[in-house]
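Under numbering that gives the first Met the number 0, the first residue of the sequence shown is numbered 0, with each subsequent residue one higher. What follows is a short report on a single structure.
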Amino acid sequence: MAEGTVRSTVTTASPATVFGVASDLEAYPDWVTGVNEVEILEADAAGRARRARFEVEGFIKRISYELLYEYDEPSRISWTAVPGDDIEEMAGSYDFVEVEGEGTEILYALRVETAFPVPGFLRRQAEKQIITSALRGLKQRAERFEDAET
């Protein structure tokens, strides 16, 4: 399995708001660059995605994969991929840590191993770009939701 990439940012939104935005997978095409479609295949008792299928624009081709989700509300969302034609292994997580007087630190970790050959430096670049874009989008969307609620 690849080493993976970890990045973080701080948002003024609360952990509960950030968790709510991040757990609304069906809205990802609205704010996550490259995500074209998300289909919830199975939900948990709280109505959150337990299994979901994604269609994304990859660097080389359009990629389809399924993820299995686990939740520790409001502090963590983690996922692993079901091995398939495009993704051999994937593991990722969002951690939401309250920062006194500032909001929430969002920590995003991601490891991806494709089922097709990709040089290591390109895979690392793709992970970094995915994480940077997702953190920026999550921060902006959570702050908009937080502002709308106040």
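Glycine included, each C-beta is placed from N, C-alpha and C at the ideal position. Fair warning: this is a prediction, and the values are worked out from it, not measured in the lab.
Tell me whether F120 sits in a helix, a strand or coil according to DSSP, three-state version.
-> Correct three-state label for F120: helix.
In whole angstroms, what separates the C-alpha of S13 from that of F120?
-> Take the alpha-carbon of S13 and the one of F120: they are about 35 Å apart.
In its own chain, which residues sit with a C-beta less than 6 Å from the C-beta of I39, not counting the 5 before and 5 after it?
-> Around I39: A48, A51.
Where do the N-terminal and C-terminal ends of the beta strand (DSSP E) with G91 fall, by residue?
-> G91 -> beta strand (DSSP E) spans 86 to 98.
Runs of beta strand (DSSP E) lying entirely within the region 2 to 28, each at least 3 residues, in chain order = If we require 3 residues or more, the beta strand (DSSP E) runs fully inside the region 2 to 28 come out as 4 to 10.
What is the rounded straight-line gap between the Cα of E41 and the Cα of G100?
-> Their backbone Cα atoms lie some 37 Å apart in a straight line.
Can you tell me the Cα-Cα spacing of R110 and T8, whole angstroms?
-> Taking the Cα positions, R110 is about 18 Å away from T8.
K60 to D29 span [Cα, whole Å] | Computed Cα separation, rounded: 21 Å.
Near D84, which residues of its chain fall below 8 Å by C-beta distance, leaving aside the five closest residues on each side in sequence?
-> Correct list, in chain order: S63, A114.
To the nearest angstrom, report how far apart G33 and A44 are at their CA atoms.
-> Each residue's Cα considered, the two are about 29 Å apart.
Where the beta strand (DSSP E) containing D71 begins and where it ends | Where D71 is concerned, the enclosing beta strand (DSSP E) stretches over 61 to 71.
Per DSSP, cross-strand counterpart(s) of A77 = A quick correction: the sequence has Ser, not Ala, at residue 77. Within the DSSP bridge table, the entry for S77 names E69, S92 as partners.
Straight-line CA distance for K127 to Y68?
-> Roughly 21 Å separates the two Cα atoms.
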